[in-house]
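Trainee: All residue numbers for the sequence shown refer to our numbering, where the first residue is 9 and numbers rise by one. We treat Cβ as the ideally placed atom computed from N, Cα and C, and that holds for glycine. Below you will find the structure I want to go over with you.
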Amino acid sequence: DLPVAEGDILFLATDGVWDNLYDDQILAVLRNQPDVRKAAAEIAELAFKYSQNPRWASPFSTKEREVLGLTRRHLGGKPDDISVVLAAVV
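The structure is reproduced here in structure tokens:
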């Protein structure tokens, strides 16, 4: 069970979002866009944009570098499926 209250927003996303956007980027959209439909679209579009950027220090490339112990900086977004579902609790 997940306790929720009126005004809460449930955020579900595929790894294509999490691999390309940092939490603070997602939170910035949620704070600035009160319409959940528009916010979901904006987050998905932002994730897609960064997934196509070979110079982006994405969460995926940063974690890959740490896990593999790479000494040189690895860059690039990660093309992947990108889906976002936002639900407002009313």
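Please report the distance separating the alpha-carbon of THR70 from that of ALA49.
Mentor: 25 Å
Trainee: Spatial neighbours of VAL25 within its chain, please: C-beta separation below 8 Å, excluding the five flanking residues on both sides.
Mentor: Close CB contacts of VAL25 within its chain, under the 8 Å cut and outside five residues either way in sequence, are with ILE34, ILE51, ALA52, ALA55, ILE90, SER91 and VAL92 (chain order).
Trainee: Near PRO87, which residues of its chain fall below 6 Å by C-beta distance, leaving aside the five closest residues on each side in sequence?
Mentor: SER59
Trainee: Going by DSSP in three states, ALA13 sits in which element: helix, strand or coil?
Mentor: Three-state DSSP puts ALA13 in coil, outside helix and strand.
Trainee: Span of the alpha helix (DSSP H) holding VAL44?
Mentor: 44 to 59
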